[in-house]
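Student: Chains P and L are the protein sequences, given in the same order.
Whatever position you read off the first sequence (first residue = 1), add 134 for the working numbering.
Whatever position you read off the second sequence (first residue = 1), add 353 for the working numbering.
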Amino acid sequence: MTANYETREHDVLIIGAGGAGLRASLEALAQGASVGVVCKSLLGKAHTVMAEGGIAAAMANVDTADDWKTHFRDTMRGGKFLNNWRMAQLHALESPDRVRELEQWGALFDRTEKGDILQRAFGGHTFKRLCHVGDRTGLEMIRTLQDRGVQQGIDVYMECTVTRLLTDSGRIAGAFAYWRETGRLIVFKAKSIVIATGGIGKAWRVTSNSWEYTGDGMALAYEAGAELMDMEFVQFHPTGMVWPPGVQGILVTEAVRGEGGILRNKLGERFMEKYDPKRMELSTRDVVARSIYTEVKEGRGTEHGGAYLDISQKPAEYVKKKLPSMYHQFKELADVDITKGPMEVGPTCHYVMGGIRVDAETAESTVPGLFAAGEAAAGLHGANRLGGNSLSDLLVFGRRAGLAAAQHAKRVSAPSMDNSQIESAEKELLAPFSNSGTESPYAVHRDLQELMQNLVGIFRTEADLGKALVELEKLRARAAKAGVEGSRLFNPGWHLSYDLKSMLTVSEAVAQSALARTESRGAHSRIDFPKLDPLWEKKHNIIVKEAGAMKRRESPVEEMPGELQQILAAD
Amino acid sequence: MAEATLRVFRGDSNGGQTVDYRVPIAPGMVVLDALHHIQGHLAPDLAVRWNCKAGKCGSCSAEVNGRPRLTCKTRMDDLPQDQPITVLPMKSFPRIKDLVTDVSWNYRVNRKIPAFEPRPGTDWKISQLDVDRVQEFRKCIECFLCQDVCHVLREHDQKEKFGGPRFFVRIAGLEMHPLDGRNRNALLKDELGLGLCNITKCCTEVCPEEIRITDNAIIPLKERVVDEFYDPLTRMFRRIRGK
Numbered sequence: 135m136t137a138n139y140e141t142r143e144h145d146v147l148i149i150g151a152g153g154a155g156l157r158a159s160l161e162a163l164a165q166g167a168s169v170g171v172v173c174k175s176l177l178g179k180a181h182t183v184m185a186e187g188g189i190a191a192a193m194a195n196v197d198t199a200d201d202w203k204t205h206f207r208d209t210m211r212g213g214k215f216l217n218n219w220r221m222a223q224l225h226a227l228e229s230p231d232r233v234r235e236l237e238q239w240g241a242l243f244d245r246t247e248k249g250d251i252l253q254r255a256f257g258g259h260t261f262k263r264l265c266h267v268g269d270r271t272g273l274e275m276i277r278t279l280q281d282r283g284v285q286q287g288i289d290v291y292m293e294c295t296v297t298r299l300l301t302d303s304g305r306i307a308g309a310f311a312y313w314r315e316t317g318r319l320i321v322f323k324a325k326s327i328v329i330a331t332g333g334i335g336k337a338w339r340v341t342s343n344s345w346e347y348t349g350d351g352m353a354l355a356y357e358a359g360a361e362l363m364d365m366e367f368v369q370f371h372p373t374g375m376v377w378p379p380g381v382q383g384i385l386v387t388e389a390v391r392g393e394g395g396i397l398r399n400k401l402g403e404r405f406m407e408k409y410d411p412k413r414m415e416l417s418t419r420d421v422v423a424r425s426i427y428t429e430v431k432e433g434r435g436t437e438h439g440g441a442y443l444d445i446s447q448k449p450a451e452y453v454k455k456k457l458p459s460m461y462h463q464f465k466e467l468a469d470v471d472i473t474k475g476p477m478e479v480g481p482t483c484h485y486v487m488g489g490i491r492v493d494a495e496t497a498e499s500t501v502p503g504l505f506a507a508g509e510a511a512a513g514l515h516g517a518n519r520l521g522g523n524s525l526s527d528l529l530v531f532g533r534r535a536g537l538a539a540a541q542h543a544k545r546v547s548a549p550s551m552d553n554s555q556i557e558s559a560e561k562e563l564l565a566p567f568s569n570s571g572t573e574s575p576y577a578v579h580r581d582l583q584e585l586m587q588n589l590v591g592i593f594r595t596e597a598d599l600g601k602a603l604v605e606l607e608k609l610r611a612r613a614a615k616a617g618v619e620g621s622r623l624f625n626p627g628w629h630l631s632y633d634l635k636s637m638l639t640v641s642e643a644v645a646q647s648a649l650a651r652t653e654s655r656g657a658h659s660r661i662d663f664p665k666l667d668p669l670w671e672k673k674h675n676i677i678v679k680e681a682g683a684m685k686r687r688e689s690p691v692e693e694m695p696g697e698l699q700q701i702l703a704a705d
Numbered sequence: 354m355a356e357a358t359l360r361v362f363r364g365d366s367n368g369g370q371t372v373d374y375r376v377p378i379a380p381g382m383v384v385l386d387a388l389h390h391i392q393g394h395l396a397p398d399l400a401v402r403w404n405c406k407a408g409k410c411g412s413c414s415a416e417v418n419g420r421p422r423l424t425c426k427t428r429m430d431d432l433p434q435d436q437p438i439t440v441l442p443m444k445s446f447p448r449i450k451d452l453v454t455d456v457s458w459n460y461r462v463n464r465k466i467p468a469f470e471p472r473p474g475t476d477w478k479i480s481q482l483d484v485d486r487v488q489e490f491r492k493c494i495e496c497f498l499c500q501d502v503c504h505v506l507r508e509h510d511q512k513e514k515f516g517g518p519r520f521f522v523r524i525a526g527l528e529m530h531p532l533d534g535r536n537r538n539a540l541l542k543d544e545l546g547l548g549l550c551n552i553t554k555c556c557t558e559v560c561p562e563e564i565r566i567t568d569n570a571i572i573p574l575k576e577r578v579v580d581e582f583y584d585p586l587t588r589m590f591r592r593i594r595g596k
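1. Unbroken alpha helix (DSSP H) runs of length 4 or more, entirely within the segment 267-331 of chain P: which are they?
2. List, in order along the chain, the chain L residues whose C-beta lies closer than 9 Å to that of P:Met184?
3. From which residue to which residue does the alpha helix (DSSP H) around L:Tyr460 run?
4. What three-state label does DSSP hand P:Arg686 in the structure shown?
5. Is the shortest distance between the beta-carbon of P:Asp598 and the beta-carbons of chain L less than 8 Å?
6. Specify, as a first and last residue, the run of the beta strand (DSSP E) that P:Asn675 falls within.
7. Between the segment 459-474 of chain P and chain L, which residues of the former have CB atoms less than 9 Å from a CB of the latter, in chain order?
8. Can you name the residues of chain P whose CB is closer than 7 Å to the CB of L:Trp477?
9. Can you confirm whether P:Asn625, when its beta carbon is compared against all beta carbons of chain L, has any partner nearer than 8 Å?
10. Taking the C-alpha atoms as reference points, what is the distance between P:Val172 and P:Ser689?
11. Under 8 Å, Cβ to Cβ, is there at least one residue of chain L near P:Arg318?
12. Below 8 Å between beta carbons: does that hold for P:Ala86 and P:Ala154?
13. Indicate whether L:Asn404 and L:Ser412 have their beta-carbon atoms separated by less than 8 Å.
14. Can you tell which of L:Lys478, L:Arg537, L:Gln370 and L:Cys556 has its C-alpha closest to the C-alpha of L:Lys450?
15. Can you tell me which of P:Phe531, P:Lys325, P:Thr373 and P:Val421 puts its alpha carbon nearest to the alpha carbon of P:Gly480?
16. Identify, in the order they occur along the chain, each residue of the same chain with its Cβ nearer than 8 Å to the Cβ of P:Thr136, setting aside the five sequence neighbours on each side.
17. So with CB distances below 8 Å, who are the chain L contacts of P:Trp345?
18. Excluding the 5 residues preceding and the 5 following P:Leu252 in the sequence, name in chain order all residues of the same chain whose CB lies nearer than 6 Å to its CB.
19. Can you tell which of L:Glu489, L:Gln511 and L:Leu532 has its C-alpha closest to the C-alpha of L:Thr475?
20. Looking only at its own chain, which residues have a Cβ that is under 6 Å from the Cβ of P:Pro549, when we skip the five neighbours before and after it?
21. Using a Cβ-Cβ cut-off of 8 Å, state whether P:Glu143 counts as contacting chain L.
22. Which residues in chain P have a C-beta closer than 7 Å to the C-beta of L:Phe469? List them in chain order.
23. Go ahead and pull the three-state DSSP assignment for P:Gly489.
24. What residues in the segment 487-521 of chain L have a beta carbon less than 9 Å from any beta carbon of chain P?
25. Using a Cβ-Cβ cutoff of less than 6 Å, which residues in the same chain neighbour P:Pro664 once the five nearest sequence positions on both sides are dropped?
26. Output yes if chain P places a C-beta closer than 8 Å to the C-beta of L:Gln434; else output no.
27. Is the Cβ-Cβ distance between P:Ser417 and P:Gly516 less than 8 Å?
28. Give the residues from the segment 569-591 of chain P that approach chain L closer than 9 Å (Cβ to any Cβ), ordered along the chain.
29. Which of the three DSSP states, helix, strand or coil, is assigned to L:Cys555?
30. For P:Thr436, collect the residues of the same chain with a Cβ closer than 7 Å to its Cβ; drop the 5 residues on either side in sequence, then sort them by chain order.
31. What residues in the segment 511-529 of chain P have a beta carbon less than 7 Å from any beta carbon of chain L?
32. Roughly how many angstroms lie between the CA atoms of L:Ser366 and L:Gln500, to the nearest whole one?
33. For P:Gly433, count neighbouring C-beta atoms within 10 Å of its own C-beta (all shown protein chains included) and say buried if the count is 16 or more, exposed if not.
34. Could you say which of P:Lys336, P:Tyr347, P:Asn343 and P:Glu315 lies nearest to P:Ala330 if we only look at CA atoms?
35. DSSP three-state label for P:Ala461, please.
36. Between P:Ser641 and L:Gln434, what straight-line distance do the alpha-carbon atoms span, to the nearest angstrom?
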C-alpha cells in the first residue's frame, strides 16, 4: 500500500529550522555530514524570528565584572536549582564564543561607545548581559544562520511535517513526513536525527506562540521511546498584550522593562515593591507573572484585566530607537502610543522549560541517534528560564547537537527500514479523511486551549489538575474522531488534526507532572503546596511511554561538583 | 454583533472563484483573525499561511481590497464595512491553493547572493552610526509584498532576469555592512537585472517595515553599478590598463 512516497537519505536529519535547528545543521555540515532540514513553515519564519530582547552572554562589554561564573549562578538561581548544572555551565562558558561567531557570519549588533557589542539589562541577570539589535535580535540571528546555511549547501525541506520517527531495534533509522503543500508523503533515511521543534504553547488559549508550537518534536520523541523531563515547568511571560481581543497574548518584550519600563496597577501603585523590592520589574519572569496575575485577581487590574507597563517617562526618540517594533505593534494593533502613555499587559504562555531529556555534552536523548536542542530539550533552564538565555541556548546546544549527531552518523552502520512502521504511519496520517463524524479539529483545539488555560495555568491545584487529566482523555477520544473536509492539497484542517495529537500528548505530560510535583518552584505554582519542598529540589519528573501508556517516574537530580557549589554559594 | 463580509479567493493552480463569508467583528480585529474565523467555523480547508500574527515573520501576505498587505496588520476597522472585503492571493506568484502561493522562486534568487565576508584583518570594532545606517535593510521580514507589487515581476514576469526589490534590499544590507569585503556589483548588473528597475517606488509604498527600498537601497546600488561599469573615466582607465 505504501509505494506512494518519495525517499531521501541524509546522515543527519534536523527537524525544525529555528535557531537551534539551523545552528545544528551548520555544525553537522562542517563535520562533513550530509544534512537535511525539515520545517513546517517557510525557511526564516520559525519562532526564533520573534525573539526580541537579546542573547545572554557574559562578554563583559558593558559591565566589566561579568563572567561565566556569574552567568552560571544567575541561570541556576533563576531555575531554582533544578537545572542540569553541566548544561548551565557549558552554556555560560560557550555563549560568548557563539555570539562572536554569529557576528563573524555577518550579524550586526548594537554597539558600545568603544565599538564593541552593546549589552542590556534583563530580568534575573546580575549584569548587563544581553547582546541585541534594537528589539529584533531574533530576526538578525535567524537571517544570519539561514543565509549561511543556504550558502553552505544544506538541503531544506520547507512546509514539510514529520509525523513519525522510524526506528531499527531501538535506534534511529529515519522519519516519515508529508508535504503540507501537496499532501504527498516522504520518507527520510537518517542515522541521526536532531529535534529542534521548539515548544508547546499553542495548547493554551493566551499564548505568544505561533501555530507551529504544538509540541511535535517532544511527542515524536516520546512515541519513539525517549524520556521527557520536567514538563510541569511552563513559563508564562509576564507581559503579553491584553487588548484588543485579537492580539491577546502577543509578546511585549522584556526589553521594555530592561530599558526602564515600570509596572503599575490601576491605583497607580508600583506593585513590584510588594513582591520583589530588590529587583522590582527586573525580577524573574515567574515572579513578575504571578505578581500581575495576583494584582488582577485581587481587583487592582486595568480595564481589560492586566497591569500598566509604562516606558513613556523616557524620551520618545529613545523609545522608538530601542523598542521600534513595540512602538509599531502598539500603535498599529492597539491604538496606543507607548511614548505617550502606558501599555496594558498580562501573562501569556511563552515557553516550556521541560522537554526531551538529553545528555549535557552531546544533546543525545535516551534513544540512540536521537538528539534534541533548544526549547524542545530539557535541562538548561530548570524550573524557570531567564530572558535572553533562550537564544544563547539555541546556539550553544544547537552546535553541540549538530556536532554529536554528525559524529554518531560516522560511527554507526546504516540502519534498516521497517516497512510496517511506514505503513502504520501512513494509515494514521490519512485516517481523518475516512472519519465521517461531525467533530471538527478546530473545535477540539479550542476546547483544549480553554482547558489548559483554566486548569493547567499559572496557579494550579490538585483538583484542577486531576480534572484536566480526565478532560484530556475525553478530548483525545474526540480528536480521534475528527474528520477533514476537502483534499490533501494544502489543507489546514487536516494539518491541525495531526498537530492536535501532539498537543494532547504534551498536555497530558504537563498535567501529570504538575499533579505529582507537590510544591511550588519557579514557574510551577501549586496553591495547595505554596512552598518550596527540599525533597523535590532533588527530583526530576520523567515521562515515558510504557506498554502503550504514559508513565511517570522520578529521577534524582545529579550532584553538583564542589567547585560549582562554591560558585553558587558566592555573592 | 456587527458582521462583515469577506470575499476570499478559493481555488488552486487550475483556477477558482471568490466566495463570500460572513464574519462577526470584534474590537481591534485584523483580517487574519477573520480568516481564522472562517477556517474554524465555515471552511476548515481554507489555505492561509501565517506564523507570528504580530507583523514579525512576514508569512500572511495577501491582497486586501486590491492592496498587497500583511493580513495580521490590516485592521478590519480601517476598511469600509458596507461592502465586501476582498482577499486575494499575491498575484505575482503561482497559486497553490486559496491564499497560498508558490514563493520558492525567491529562495532560488537568494541562493545567488554571496554571503557576508569580513575584510581581512578586521578588529570587529564597529561604530553605532555604521550599524544604524544598515539597520533599515536588515529589518526586512521577507513578506515578499515588494516582489508582488513590482511591475517588472507583476506585469512583465521577468523572474529569470530580475532579482526584485527584496533582494536589492538584502544586497544593500550586505554591501553597506561596515566590515563586508565583497563586491556584488557584477551580480547586480548581470544576473539580478538591477537596470530593469525604473524606480516607480511601488515597493516602498507597500513595505510593512517602512524600508525606503527605492531611495535607500536601489538607487545607491544603481550608483555603485554605474560607477563601476559605466563611468567614462573608469572605462578609459580600464582600456589603458588593458582590462
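For every residue, glycine included, the Cβ atom is placed at its ideal position computed from N, Cα and C.
Tutor: If we stick to the structure as given:
1. 271-286
2. Asn404, Cys405, Ala407, Lys409 and Cys410
3. Ser457 to Arg464
4. strand
5. no
6. Lys673 to Glu680
7. Ser459, His462, Gln463, Glu466, Leu467, Ala468 and Asp469
8. Glu237
9. yes
10. 33 Å
11. no
12. Here chain P has residues from 135 to 705 only, and residue 86 of chain P is not among them.
13. yes
14. L:Gln370
15. P:Thr373
16. Because P:Thr136 sits at a pLDDT of 48, beneath the cut-off of 50, its placement in the model cannot be relied upon, and the point is left open.
17. Trp403 and Asn404
18. Asp244, Arg245 and Thr246
19. L:Leu532
20. Asp302 and Ala307
21. no
22. Trp239 and Gly240
23. strand
24. Val487, Gln488, Arg491, Lys492, Cys493, Ile494 and Glu495
25. Ser654
26. no
27. no
28. Ser574, Pro575, Tyr576, Ala577, His579 and Arg580
29. helix
30. Lys400, Tyr442 and Glu478
31. none
32. 20 Å
33. exposed
34. P:Tyr347
35. Correcting the residue identity first, residue 461 of chain P is Tyr in this sequence and not Ala. Looking at P:Tyr461 - three-state DSSP - the assignment turns out to be helix.
36. 40 Å
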